Amino acid sequence: MASVTPNEPQAPPAAPESDSSAAPDEERETPWGWFGGGAIALAIAVACFTPLWDEVADGSSGRRAGFSAMLGSIGPFGVAGIALVVAVVFVVLGVREMRRQH
């Protein structure tokens with residue numbers, strides 16, 4: 001190992017070479033991730049009114065007892081409302097990304 005004196009300047013590490021031939025269009029985000037997130041949030045909102053809600057929000061014991069208690073206290077309408085707001089925000093962001101690309 002080489003010794004370095006405190007007053008001796010050190011050269012910064014070399015930056016890795018980047019491929020400058022890559023088109024800028026390839027680096028852009030696609031809006032489909034936002035639309036997929038909106039679809040998942042919508043599915044969660046719908047699941048609040050199915051028998052799955054009783055399974056998740058049931059006062060079970062174990063690792064998920066606190067999460068189940070929180071969902072039970074918010075209720076299915078509250079969780080569905082939050083999920084719908086998230087879905088709308090994700091769709092709006094997806095539309096903005098789609099318009100920005102054109």
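If you use the working numbering, the sequence shown corresponds to residues 1 to 102, in order.
Just so it is clear, CB atoms sit at the ideal spot from N, CA and C, and this is done for glycine as well.
Quantities reported herein were computed from a predicted structural model and do not represent experimental measurements.
Does Arg96 come out as helix, strand or coil in the three-state DSSP assignment?
Residue state, collapsed to three classes: helix.
Would you identify the three-state DSSP class for Asp54, choosing helix, strand or coil?
Looking at Asp54 - three-state DSSP - the assignment turns out to be helix.
Phe49 by DSSP, collapsed to three states: which one?
If DSSP states are grouped into helix, strand and coil, Phe49 belongs with coil.
Would the stretch 35 to 42 count as touching the stretch 66 to 80 if we require 3 or more Cβ pairs under 8 Å?
Because the criterion of three Cβ pairs below 8 Å is not met, the stretch 35 to 42 and the stretch 66 to 80 do not touch.
Please report the Cβ distance between Met98 and Pro51, rounded to the nearest whole angstrom; I am assuming they are in contact, meaning their Cβ atoms lie under 8 Å.
Contact flag wrong, Cβ pair sits at about 36 Å.
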